[in-house]
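Residue numbers (this note's numbering): 15 to 156.
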């Protein structure tokens with residue numbers, strides 16, 4: 015590798031970072047707003063206890079929310095303690111981590127619009143099936 019190639023690569027990387035920094039900052043601001051705007055008893059009002067509807071609702075909410083896996087364990091435990099079904103919490107956590115409607119513009123910019131949309135749709139559908147299969151499987155062992 016010569017110094018010219020390294021210099022060109024560094025310039026391209028810096029330009030890509032410059033283009034995406036505003037999108038990343040706006041995502042962080044939106045997530046901070048959503049976390050503080052949602053009341054604590056909101057989830058108890060939405061989940062009905064229906065094992066077919068709750069994972070869809072949980073997946074939809076998790077898709078809009080944004081978080082990391084470490085926080086999802088804490089949030090999942092709190093939702094379970096509030097009486098939310100395991101299937102709903104599982105779908106919520108899976109989409110919380112794998113689907114990102116809020117971050118879709120940034121993902122589209124970095125990875126391409128078509129890829130980002132397909133990945134999010136597949137992750138959403140998979141999360142619902144995984145949540146249902148997880149709770150069915152746990153019934154055999156618990």
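Every residue, glycine too, gets a C-beta built ideally from N, C-alpha and C.
Which residue marks the beginning of the alpha helix (DSSP H) containing residue 153, and which one marks its end? Counting along the chain, the alpha helix (DSSP H) containing residue 153 begins and ends at 127-155.
Take residue 78 as the anchor and find which of 113, 33, 16, 89 has the nearest alpha-carbon. Looking from the CA of residue 78, the closest CA among 113, 33, 16, 89 belongs to 113.
Please list, in chain order, all residues of the same chain as residue 65 whose beta carbon is under 6 Å from its beta carbon, the five residues on each side excluded. These residues qualify, in order along the chain: 101.
Across the region 81-93 and the region 116-135, are there enough close Cβ pairs to call them in contact, namely three or more that are closer than 8 Å? Taking 8 Å as the limit for Cβ pairs, the verdict is that the region 116-135 does not touch the region 81-93.
With a threshold of 8 Å on Cβ separation, who are the neighbours of residue 70 within its own chain once the five nearest residues in sequence on each side are excluded? In its chain, beyond the 5 residues on either side, 105, 142 have a beta carbon closer than 8 Å to the beta carbon of residue 70.
Please name the residue, chosen from 73, 19, 80, that lies closest to residue 137 on a Cα-to-Cα basis. It is 73 whose Cα lies nearest to the Cα of residue 137.
C-alpha gap between residue 97 and residue 149, whole angstroms: In this structure, the CA atom of residue 97 is about 15 Å from the CA atom of residue 149.
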